[in-house]
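First up is the structure itself, then whatever we jot down about it.
Residue numbers (my numbering): 26 to 168.
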């Protein structure tokens, strides 16, 4: 498998309620970190999108929990698009310790562009494809 280069990193501030009675971040909280990463990624890569008309929905998601995150850790979520299809794209994300670069969790998602007015999937626009490929510095339609 090709090594992913992450051009987008978002520092995450851990909150008191992220930590469970075992002293580590609960596994369900990781998905809120990934949502923050997705939001910031697309705000950076595809600015000017009318989010009232166009949405992005998760159609598949999986996570591998590698190491625990503790309340004292300094973390960030990294996001990259690894493949683009006609209506969907593959997103790779990971949570890392920013001091050690240790990977804490890896998430893979399949996302679909969605017409919020018609309530159906829609093709990715050429503008989006070009913006994402330029940001990721490679042709993702051939990935």
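Ideal Cβ placement from N, Cα and C applies to all residues, glycine included.
For my contact list, residue i and residue j are in at a C-beta cut-off of 8 Å; report their separation, rounded to the angstrom.
i: residue 52; j: residue 43; result: At roughly 11 Å, the Cβ-Cβ gap does not stay under 8 Å, so residue 52 and residue 43 are not in contact.
i: residue 133; j: residue 120; result: No, residue 133 and residue 120 are not in contact; Cβ-Cβ is about 13 Å, not under 8 Å.
i: residue 117; j: residue 157; result: Going by Cβ atoms, the distance from residue 117 to residue 157 rounds to 13 Å, so no, they are not a contact pair.
i: residue 141; j: residue 79; result: 7 Å
Just checking residue i against the ligand ATP - is the residue's beta carbon closer than 6 Å to any of the ligand's heavy atoms?
i: residue 36; result: The ligand ATP is not part of this structure, which contains no ligands at all.
Straight-line CA distance for residue i to residue j?
i: residue 165; j: residue 154; result: 8 Å
i: residue 18; j: residue 96; result: The question about residue 18 has no answer, for the chain in this structure spans 26 to 168.
i: residue 26; j: residue 162; result: A caution first: residue 26 carries a pLDDT of 40, below 50, which makes its placement in the model unreliable, though a value can still be read off. Going from the Cα of residue 26 to the Cα of residue 162 covers about 18 Å.
i: residue 60; j: residue 167; result: 26 Å
i: residue 47; j: residue 100; result: 19 Å
Is the beta carbon of residue i sitting closer than 7 Å to the one on residue j?
i: residue 113; j: residue 137; result: yes
i: residue 70; j: residue 135; result: no
For residue i, which beta-bridge partners are listed by DSSP?
i: residue 117; result: 105 and 133
i: residue 34; result: 103
Any 3 or more C-beta pairs closer than 8 Å across the region 94 to 109 and the region 28 to 48: A contact between stretches requires three or more CB pairs, one per stretch, nearer than 8 Å, and the region 94 to 109 meets this requirement with the region 28 to 48.
Report yes or no: do three or more beta-carbon pairs, one from the region 85 to 98 and one from the region 148 to 158, lie closer than 8 Å? Short answer: they don't touch.
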